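First comes the structure, then the notes that go with it.
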Amino acid sequence: MEMSLLGSNLSFAYVPGHYVLSEITVEVERGEILFLLGANGSGKTTLLECLCGVRVPQQGTVLLDGRELLRLSARDRAKHVAYVPQFPETAFSYTVEEMVVFGRAPHVGPFGRPGRRDWERAYRALALVGLDGLSRRPITTLSGGEKRLALIARGIAQEAPYLLLDEPDAHLDPANQHRVLSAIANLTNEGLGVVATTHNPNSALLYGKKVLLLRAGRTLAAGSPNEALSAELLQEAYGIPFQIVGDPIGLRAILPRVER
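Letter by letter, the sequence shown follows residues 8 to 267 in my numbering.
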């Protein structure tokens, strides 16, 4: 059986006839990271939501390890696909550790209580993102970046084989961006499949195995970061010129071209 999360020929419209996604096919296998890039409004978040069952596409299917995703119960979907949205609600003053252990809900059941294994998984996730020292703090007292880390930890604690992240590097300083993306990359060595949106093509260069570049809800390019993130394709996606620079040891960086 194919062990992958596959969205095949997906099209989605919030208003009938006005498609924000058109005939998108995307696949992530267990053990790899796929980054979604594109300008604001290009369909990245909508595509993530279709891949986890939050949205139902008008056309196409999503297959989870060969099974149709939408035929599974919500609890079964949550056991297999964890989704960390960009702007979740954090109004209640739970502690950080309480909010992270909520990620274990699909394994605990609707009327159960977290057990020892659930708390162990929550504390492991907190340590991975560097928040273990803030575990007893109310979530409402954290900075925006710290809340982001806590939500990513909740997704990791869910221990689904697929993790979908909407802009995991947003609102984070460079050190925490590196910490989070490195931790997620290391988890792929344990078989985790990751789909993440980003506005930073360098995150995809450093940590990604595959890239899907979107333009106005359609696939502009797909492939390895080196293939899909050329200066020409990025200019077509974002409407501004880019340059790709390198150093003697082979590292590359993508920068907007600035005319002086």
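Backbone N, C-alpha and C define an ideal beta-carbon position, used for all residues, glycine too. Since this is a predicted model, take the numbers as computed values, not measurements.
Check	Outcome
Contact the segment 59-79 vs the segment 232-247: 3+ CB pairs below 8 Å	no
Beta carbon of residue 64 nearer than 7 Å to that of residue 18	yes
Cβ-Cβ separation, residue 40 to residue 7 (assumed contact under 8 Å), whole Å	Limits of the chain in this structure are 8 at one end and 267 at the other, which puts residue 7 out of reach.
Euclidean distance between Cα positions of residue 84 and residue 167	9 Å
Contained alpha helix (DSSP H) runs [length at least 4] in the segment 94-167, N- to C-terminal order	103-108, 112-115, 123-136, 151-164
Burial state of residue 224, where buried means 16 or more other Cβ atoms lie within 10 Å	buried
Nearest-angstrom Cα separation, counted from residue 43 out to residue 218	6 Å
Start-to-end residues for the beta strand (DSSP E) that takes in residue 263	259-263
Among 247, 160, 216, 263, the one whose alpha carbon lies nearest that of residue 187	160
Test item: CB-CB of residue 204 and residue 51 under 7 Å	yes
Residue 122 burial status per 10 Å Cβ neighbour count (16 or more: buried)	exposed
Contact check, residue 178 vs residue 155, beta carbons under 7 Å	yes
Buried versus exposed call for residue 21 [16 or more other C-beta atoms within 10 Å across all chains shown]	exposed
Own chain, CB closer than 6 Å to residue 9, minus 5 neighbours either side, in chain order	73
Separation of residue 267 from residue 253, as counted between CA atoms	21 Å
For residue 3, the three-state DSSP class (helix, strand or coil)	An answer regarding residue 3 cannot be provided, because it is not within the stretch 8 to 267 covered by the chain.
Span of the beta strand (DSSP E), counted from its first residue to its last, around residue 191	Where residue 191 is concerned, there is no enclosing beta strand (DSSP E), although the alpha helix (DSSP H) it sits in stretches over 181-195.
Cα-Cα separation between residue 110 and residue 207, rounded to whole angstroms	27 Å
Supposed contact pair residue 125 and residue 108 - C-beta distance, whole angstroms, cut 8 Å	6 Å
Distance CB(residue 212)-CB(residue 232) smaller than 7 Å	yes
Burial state of residue 200, where buried means 16 or more other Cβ atoms lie within 10 Å	buried
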